[in-house]
Each structure stands twice: as C-alpha cells, then as structure tokens.
Amino acid sequence: MIVRILGEGQFRVDDEAAGDLNRLDAELEAAVERGDEPAFSAALHGLLAEVRAKGGAVPPDVLEPSELILPAEGSSMAEVRKLLSDDLLSDDGLIPG
Amino acid sequence: MGVMKRVSLVFKAKANKALDRMEDPRETLDYSYQRQLEMLTKVRRGVADVATSRKRVELQMNQLQQSSNKLEDQARKALSMGREDLAREALGRRSSAQSQLTDLQAQYAQLQGEEEKLTVASQRLQAKVDAFRTRKETIKATYTAAEAQTRINEAFSGISEEMGDVGMAIQRAEDKTAQMQARAGAIDELLASGALDDAIGGRRDDIQAELDQMSATSDVEQELSRLRGEIENTAPKQLEGGQNGARNGSQAASQAPNAQSGQTQNQAQAPTQSAGLPEDGA
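Protein sequences appear in the order of chains R and H. Each residue of the first sequence is one higher than the one before, counting from 2 in the working numbering. Each residue of the second sequence is one higher than the one before, counting from 210 in the working numbering.
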C-alpha cells in the first residue's frame, strides 16, 4: 500500500506494517480529540518515523494515488484540523485541483 | 476513522470534484496538464522567493555581526581609557545585537530547510508531470472516451494528490517567508535607528563620538606635557632672575603632581588606546 507523507513524497509500505501504523494513528487521533499538543507531536513524529523505517520511497514518476496520507513533520494540531476541514474542498482551498 | 485515512479522503474528494466537472474525460487530461505546468512555474517561483528572502537574512546577519564586533572593540577601548560606564553601554548594545543574531540564525536555518524541501518537491512534480504527459498521449491514442475513463481517473488522482502536496508546501514556504520579511523589516529599522550601532549606516554613533573626544583630549594632554617639559628645561635660566620667582615656580611644580594624578593614570594607558586608532582608521 502507498502512504504519502505531505512534504516528503510517497512510500510503499507492506500490508503487515498496517497494524502498527493504525495503532499509532489511533494515538494521533486521540491526541487531536483531547487537544493534547505534546502527545500529538510525539504521536505524529512516531508515525512518520515508522513509515520512513518500514517503507521504501516510491519513484517520482509513478502516478498512483496514496491509500493513506500523513501530515508533514512538525505540523501543529491547528494545521491538521485545517487539513481535515472542508476549506480544502472549496475552489480556493489549500489543495489545488 | 484515523487521521491518515481522513486526510487521504479529503484529497480524493477534491480530485473527484474536479473530475466531475469535466464533460469529456479526455478534456480533463489537457486541462489538468495545463494546471500542472502552472503549478511547476509556481513552485519554481516559490524556490526563488525563499532564496531571495534567505539572502536578505544572510546580509542582515553579516551586518549584525559587524555591529557586534565593532561594539566589542569600542568596549575594549573605553575600558582601556578607564571609562567603565561607556564600556558597559557598548556591551549592552552588543548583547542586544547578539540576541538578534541568534534569532536570525534560527530563522535562517528554517528558510534553508524550506528551500531544500521546495526544490525537492519541484523535482518530484516535474517527474510526475512528465509521466502524466506520456500517459496522456497513450490514453488519447489508444482508447475511446468511454474506455479511457478509468485510466484517466487513476492518472488524474495520482497527479492531483501531488499537486495538492506541492501547493501546500508552497503555501507553507510563503508563510515562513512572510514572517521572515516582517522580522527582517523590524531589524532593518533597528539598525537604521542606531539602537544597536551605526557601523553600517555611516552615521557616527554616540559611543564612538565619546571615544574620539577622549582620545583627542588625551592627545592634547600629551602635547601639553611635552610643551611643559620643554618649558621646564629652559626654566633654570629664568630662576637666576630672583628668589621670589623661584619659590613661586617650585610651589606650582609641587602642586602639579597632586592635581594631575588622575590624568597621569589615564596617560599611562593612552598608548594602548592610540595604538588601536590606526587600525580603526584602516
């Protein structure tokens, strides 16, 4: 499966690693819900490190969408909330079509 | 649902929304390709903007370093002239310049990081755009509009995600650059106001003015004592004129050391200070 880390590119990760990623992702989400910034930073850092360690970089000329997308290293909780908000879907949103 | 999945769904929704607007799927290919080329131009401009900003910070760092060095020299000179108050003032300003410098160094490292990330992002997007162009021609040549749909969707989703990623990277770099510009503007004002030092502006600063004044005074004192020496050498001839004159003369001579004891101390240190002057002038 392909996982993208925003600002870094895509990584191909074995499906067996998905369990670990999901566990870390659950920690990340719980931190967002609690509004716990330090826990959020730690969880995000751990998740990204896991993807980099277990994944291989996808060559840049591959045109495949990613199954999972992760916020950039060093993102704040506010940035991630913005990422998940509907702003992105509007025409002048962050993600250009 | 986890964060990773939700973010990817946001990206997919955006791509689907754009796809839905297209009546002829093959029209999507050309339209998207145009957008990709625009994005490539934008990311390259972004790299150039960050580089410009980084160079401005570099220039300011050099200016602050010069100020800091000059203030340290001034503090040393002031101290050698026995002016601890002036030395304190110079060191206080130096400390302020140093803290600005440390701050700028951190910002500089961040800008460098953004520049590197954007450069890599630009190369990655270029590779994807090239791949998309090849795929686009193949799809157009080989498939009917109906058959092409799935393949177009796949290629479009892949490139759309990359475009979104790059777009956010550009946004992030622009934000950092804007913060940096504001800070750089504030430091320019600080440097121009002379609050730190005017080594750069060319205007004479008050510490330097006082040091110059002191060394001028010190030169005058040296000249005075030289002249006094000359006069004293010729004095014995006048002493032969009368005892009254001699008594007055010896009184004046005996008072002099007490009155000038403070100055003598200054003069003793003067060579250090005046030795520094030619260096300063050069």
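Glycine included, every Cβ here is placed at the ideal spot set by N, Cα and C.
For a cutoff of 8 Å on Cβ pairs, would you count residue i as touching chain H?
i               : result
arginine 13/R   : no
arginine 53/R   : no
leucine 49/R    : no
arginine 82/R   : no
glycine 56/R    : no
serine 67/R     : yes
leucine 85/R    : yes
methionine 78/R : no
Compare the Cα-Cα distances from residue i to each of the options and report the closest residue.
i               : options                                   : result
lysine 345/H    : Leu64/R, Gly10/R and Ala19/R              : Leu64/R
leucine 183/H   : Leu334/H, Leu280/H, Phe365/H and Ala340/H : Because chain H is modelled from 210 through 491, residue 183/H falls outside the range shown and cannot be assessed.
glycine 20/R    : Phe41/R, Met2/R, Ala58/R and Ser76/R      : Met2/R
glutamate 30/R  : Ala222/H, Tyr240/H and Arg215/H           : Arg215/H
alanine 296/H   : Arg302/H, Arg303/H and Leu288/H           : Leu288/H
serine 304/H    : Ala260/H, Lys385/H, Ser276/H and Gly291/H : Ser276/H
threonine 261/H : Lys385/H, Glu398/H and Gly438/H           : Lys385/H
glycine 301/H   : Asn278/H, Gly291/H and Met290/H           : Asn278/H
alanine 299/H   : Phe365/H, Gly291/H and Arg285/H           : Arg285/H
On the premise that residue j lies in contact with residue i, defined as a C-beta separation below 8 Å, what is that separation, rounded to the nearest angstrom?
i                  : j                : result
valine 219/H       : leucine 85/R     : 6 Å
alanine 306/H      : leucine 273/H    : 5 Å
methionine 213/H   : leucine 71/R     : 6 Å
glycine 8/R        : alanine 73/R     : 4 Å
valine 256/H       : glutamate 324/H  : 6 Å
alanine 357/H      : isoleucine 348/H : 5 Å
alanine 382/H      : leucine 327/H    : 5 Å
valine 252/H       : alanine 340/H    : Valine 252/H to alanine 340/H, Cβ: 17 Å. No contact.
phenylalanine 41/R : alanine 32/R     : 4 Å
glutamine 316/H    : valine 266/H     : 6 Å
glutamate 370/H    : serine 76/R      : Actually they are not in contact, since the Cβ atoms of glutamate 370/H and serine 76/R sit about 17 Å apart, beyond 8 Å.
Answer with yes or no whether the minimum CB distance from residue i to chain R is below 8 Å.
i                : result
lysine 337/H     : yes
alanine 408/H    : Below a pLDDT of 50, predicted positions are generally treated as unreliable, and alanine 408/H, at 36, falls in that range; the measurement from the model is reported next regardless. By this cut-off, alanine 408/H is not an interface position.
methionine 270/H : no
methionine 560/H : What the structure shows of chain H is the stretch from 210 to 491, and residue 560/H is not part of that stretch, so it cannot be assessed.
arginine 253/H   : no
valine 219/H     : yes
glycine 367/H    : yes
arginine 360/H   : no
valine 216/H     : yes
arginine 344/H   : yes
alanine 355/H    : no
alanine 287/H    : no
alanine 350/H    : no
arginine 412/H   : Reliability fails at arginine 412/H, whose pLDDT of 48 lies under 50, so the model's placement of it is uncertain and the value that follows must be treated cautiously. No, arginine 412/H lies away from the interface with chain R (no Cβ there is under 8 Å from its Cβ).
alanine 284/H    : no
alanine 364/H    : yes
alanine 425/H    : no
alanine 401/H    : no
alanine 340/H    : yes
Say the cut is 7 Å; is the CB of residue i nearer than that to a heavy atom of the ligand PLP?
i             : result
glycine 438/H : With respect to the ligand PLP, the structure shown offers nothing to examine, as it has no ligands at all.
If we count Cβ pairs, one from each stretch, closer than 8 Å, do we get three or more for the region 35–52 of chain R versus the region 214–233 of chain H? Short answer: they don't touch.
Is the region 320–331 of chain H in contact with the region 377–389 of chain H, if contact means three or more CB pairs nearer than 8 Å? Contact annotation: the region 320–331 of chain H touches the region 377–389 of chain H, with at least three C-beta pairs closer than 8 Å.
Per the contact definition of three or more C-beta pairs closer than 8 Å, is the region 328–339 of chain H in contact with the region 235–255 of chain H? yes
Relative to chain H, which residues along the region 10–39 of chain R have a C-beta separation below 8 Å, given in chain order? Gly10, Leu22, Asn23, Asp26, Ala27, Leu29, Glu30 and Val33
Chain R contacts from the region 370–398 of chain H (Cβ-Cβ distance under 7 Å): Glu370, Met372, Gly373, Asp374, Gly376, Met377, Ala378 and Gln380
Check distances from the C-beta atoms of the region 307–334 of chain H to those of chain R and list, in chain order, the residues that come in under 9 Å. Lys326, Val329, Ala330, Gln332, Arg333 and Leu334
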